[in-house]
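Enquirer: The structure's right below; bear with me while I get my questions together.
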């Protein structure tokens, strides 16, 4: 994947990184929409891709397949769901072996020519396609290096998927400063600490779930030097930020969109509604759709969630609006609990919140769930929770 961030644009083509956490139907829709001609497939996702191709609309051109990390592509041809021509199947290594060492890369005719096509994760609506130019990605890449004060030859741990807005442009950024890339197939807390010690990691990016993963390791290996983390997406709870800071991580908050190509605001809470204070500091309050309006008061769901996360028994928390005949809306909290915690009641949670926030912000309903619903990029699906809260309210009437 890292190599393809350079190889595809250098041959004059447009790169589209697909989210491997999506289901086959969605991948099929995206492939059909972008009219892909060449598809690189890691061997772990062969069955997913073949299933996606099997549900292509009639007359849709099947892209040539190139399998990575596997010398034997014949086994996947045996799938009865897909009729593939063997001439349309390659392996990555065989392509490299047949490559031209003297190849001169294709220069874009204009710096405004498209270089990548990305799709949003569908947090607030169906996925949308976003094209970025060579110029735009160059600016975001250089800006990210300057804003984050990245030095020469850093060691970068990939805890951020490259399919997520091209890894916020850090594949190109790391090449620009001569960085070392440490890539992983899966994530867990102890493994991350081990990789940091083995490779001397200095920088990493990731969603708030990565910070929580680091904070939840019972007895982590002590860091030998500070590690810089750039986090974006859903805002990390205050207690998680405090925990990772105490462990020696230097956290920078960022805010960006698939549409912006990467992080465009740093050291700010992430979302859509914000205020600019008298000292010029911008504080992002919440997504506009997540603001709870109760009796004319605007309530930030993030502020409620920050308090909920400080409860010792709560593992995950989300606050959404619940319809109310008198107030218009009231807060409803969905929480999952830590496995080893003493289980609190809904009343316990409500009283905990009442002691720590204005009463109009206190959740009127607390729902316990095994796990909060998330998008393919790990963001909590509040649209789903709002529907549950609405249905729950109706069932209580």
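Residue numbers (the UniProt record's numbering): 1 to 397.
Cβ coordinates follow ideal geometry from the N, Cα and C atoms, glycine included.
(1) Beta carbon of residue 197: closer than 7 Å to some heavy atom of the ligand MG?
(2) For residue 239, which of helix, strand or coil comes out of DSSP?
(3) How big is the Cα-Cα spacing for residue 154 and residue 181?
(4) Counting only beta-carbon separations shorter than 8 Å, does residue 210 have a partner in chain B?
(5) Roughly how far, in whole angstroms, is the beta-carbon of residue 112 from the beta-carbon of residue 256, given that I think they are within contact range, below 8 Å?
(6) Let's see if you can read the secondary structure: which residues bound the alpha helix (DSSP H) around residue 415?
(7) Could you check the C-alpha separation between residue 243 and residue 215 for me, to the nearest Å?
(8) Anyone know if the C-beta pair for residue 100 and residue 69 falls short of 8 Å?
(9) Specify, as a first and last residue, the run of the beta strand (DSSP E) that residue 330 falls within.
(10) Smallest Cα separation from residue 224: which of 137, 140, 193?
(11) Would you call the CB atoms of residue 362 and residue 331 closer than 8 Å?
(12) From residue 157 to residue 353, what does the alpha carbon distance come to, in whole angstroms?
(13) Taking only three categories from DSSP, how would you classify residue 398?
(14) Do residue 307 and residue 335 have their CB atoms nearer than 8 Å?
(15) Would you identify the three-state DSSP class for residue 69, choosing helix, strand or coil?
Expert: Well, looking at it:
(1) Summarising the ligand content, the structure contains no ligands, and the ligand MG is consequently not present.
(2) helix
(3) Rounded to whole angstroms, residue 154 to residue 181 spans 9 Å at the Cα level.
(4) Going by chain labels, chain B is absent from the structure shown, which holds only one protein chain.
(5) That belief does not hold up - the Cβ atoms of residue 112 and residue 256 are roughly 21 Å apart, past 8 Å.
(6) An answer regarding residue 415 cannot be provided, because it is not within the stretch 1 to 397 covered by the chain.
(7) 6 Å
(8) no
(9) 328 to 337
(10) The alpha carbon of residue 224 has as its nearest neighbour, out of 137, 140, 193, the alpha carbon of 193.
(11) yes
(12) 37 Å
(13) What the structure shows of the chain is the stretch from 1 to 397, and residue 398 is not part of that stretch, so it cannot be assessed.
(14) no
(15) coil
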